[in-house]
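J.:
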Amino acid sequence: MRKPCCEKKKTNKGAWSKPEDEKLTQYIQKHGEGSWRSIPQAAGLHRCGKSCRLRWVNYLRPDLKRGSFGEDEEDLIIKLHALLGNRWSLIAGRLPGRTDNEVKNYWNTHLKRKLIQMGVDPNNHRIGHNFGHTKSFGSRINTNDQPSENSHSDDPLLDSTSEPESNTSCSALPDLNLDLTIGLPISFGY
DNA sequence: AACCCTACCAACCGCAAATCT
DNA sequence: TAGATTTGCGGTTGGTAGGGT
6 MRKPCCEKKK
16 TNKGAWSKPE
26 DEKLTQYIQK
36 HGEGSWRSIP
46 QAAGLHRCGK
56 SCRLRWVNYL
66 RPDLKRGSFG
76 EDEEDLIIKL
86 HALLGNRWSL
96 IAGRLPGRTD
106 NEVKNYWNTH
116 LKRKLIQMGV
126 DPNNHRIGHN
136 FGHTKSFGSR
146 INTNDQPSEN
156 SHSDDPLLDS
166 TSEPESNTSC
176 SALPDLNLDL
186 TIGLPISFGY
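Shown next, in the form of structure tokens:
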């Protein structure tokens, strides 16, 4: 049914070239974000809109921080992951200048391993040994068996009903401050 | 110097939600 | 209201840089 996103003429794939970056940046600076579907043509790019959006959001946006993550950022990511699961965009939203892709990559390459080394299951933040069995609890807000009858607030951090395992997370991580407000990042000791 | 292995990160893919007609 | 289209998200992959042998 759905047409593939890049069904039309040949579109470039793979790494972006500098001229492509420049075209996209110039176009967005002039016209703003949005209408990703039409941007490639309007900007003279042989890319699909999806690819343009990704490139802009993850790499070209001027407010991106880039560079390595600080310890406070690490703590915050771990903490937010315990609360939200793999909802990378929400987690990234709490980290100014960071993208969901960046956070996700950092989690998968650094933090996951770090937690495992500490004896903490990165999937559910429990201290234990059976890693890898439990499914990550936060893949989507609304899973198939959970018709979202109770409307969530926009911010799941303020919506305790949206977190299916928040209680168990709390019990699993007694030293986590799981207040539903995220204040200054504190270092918490696993 | 050449090869292999590992870690990292940019980008793609498929799906679901949101929006439009 | 239903179907079509667009947007956004999370999982995964592929290229490559760097270190070890």
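Going by the numbering used here, the first residue of the first sequence is number 6, and it counts up by one from there. Ideal placement from N, C-alpha and C gives every residue a C-beta, glycine not left out. The structure displayed is predicted, hence computed values, not measured ones.
(1) Go through its chain and collect everything with a Cβ distance to tyrosine 206's Cβ below 6 Å, but skip five positions before and after it.
(2) Over what stretch of residues does the alpha helix (DSSP H) that includes lysine 28 continue unbroken?
(3) Taking all protein chains shown into account, do 16 or more other C-beta atoms lie within 10 angstroms of the C-beta of alanine 20, making it buried, or fewer, making it exposed?
(4) Could you please give the first and the last residue of the uninterrupted alpha helix (DSSP H) stretch that includes tryptophan 93?
(5) May I ask you to verify whether the segment 56 to 65 touches the segment 75 to 83, counting CB pairs closer than 8 Å and requiring at least 3?
(6) Is the beta carbon of threonine 104 less than 8 Å from the beta carbon of arginine 52?
(7) For the alpha helix (DSSP H) containing serine 56, list its first residue and its last residue.
(8) Buried or exposed: glycine 102, going by 16 or more other Cβ atoms within 10 Å of its Cβ?
(9) Cα separation between proline 67 and isoleucine 132?
(10) Whole angstroms is fine: what's the gap from lysine 23's alpha carbon to leucine 50's?
(11) Can you grab the Cα-Cα spacing for the pair phenylalanine 142 / tryptophan 112, in whole Å?
(12) Under a Cβ-count criterion, where at least 16 other Cβ atoms within 10 Å of its own Cβ denotes burial, should lysine 28 be classed as buried or exposed?
(13) Please list the terminal residues of the continuous alpha helix (DSSP H) segment that includes proline 67.
T.: Reading it off the structure:
(1) Examination of residue 206 is not possible in this model, given that the chain is present from 6 through 195 alone.
(2) The residue given as residue 28 occupies position 23 in the first sequence. Looking at the DSSP string, the run of the alpha helix (DSSP H) that includes lysine 28 is 23 to 36.
(3) Stepping through the first sequence from its first residue, residue 20 is reached at position 15. Exposed: under 16 other Cβ atoms inside 10 Å.
(4) Reading the first sequence from its first residue, position 88 is the one you call residue 93. Unbroken alpha helix (DSSP H) run through tryptophan 93: 93 to 98.
(5) no
(6) For this step, residue 104 is matched to residue 99 along the first sequence. For this step, residue 52 is matched to residue 47 along the first sequence. No; because the gap between Cβ atoms is not below 8 Å, this pair is not in contact.
(7) Within the first sequence, the letter at position 51 stands for residue 56. Its alpha helix (DSSP H) spans residues 54 to 60.
(8) Counting from 1 along the first sequence, the entry for residue 102 is found at position 97. Exposed, since its Cβ has fewer than 16 Cβ neighbours within 10 Å.
(9) Numbered from its first residue, the first sequence carries residue 67 at position 62. Numbered from its first residue, the first sequence carries residue 132 at position 127. Cα to Cα, proline 67 sits roughly 39 Å from isoleucine 132.
(10) Position 18 of the first sequence, counted from the first residue, corresponds to residue 23. Position 45 of the first sequence, counted from the first residue, corresponds to residue 50. Approximately 12 Å between the Cα atoms of the pair.
(11) As a working note, residue 142 is residue 137 in the first sequence. As a working note, residue 112 is residue 107 in the first sequence. Here the model assigns phenylalanine 142 a pLDDT of 35, short of 50, so the residue's position is not dependable, and the following value carries that caveat. Looking at the two C-alpha atoms, the distance is approximately 15 Å.
(12) By one-based count along the first sequence, residue 28 stands at place 23. Classification of lysine 28: buried, given that the 10 Å Cβ count is 16 or more.
(13) Residue numbering aside, residue 67 sits at position 62 when the first sequence is read from its first letter. Counting along the chain, proline 67 falls outside any alpha helix (DSSP H), and DSSP gives it neither H nor E.
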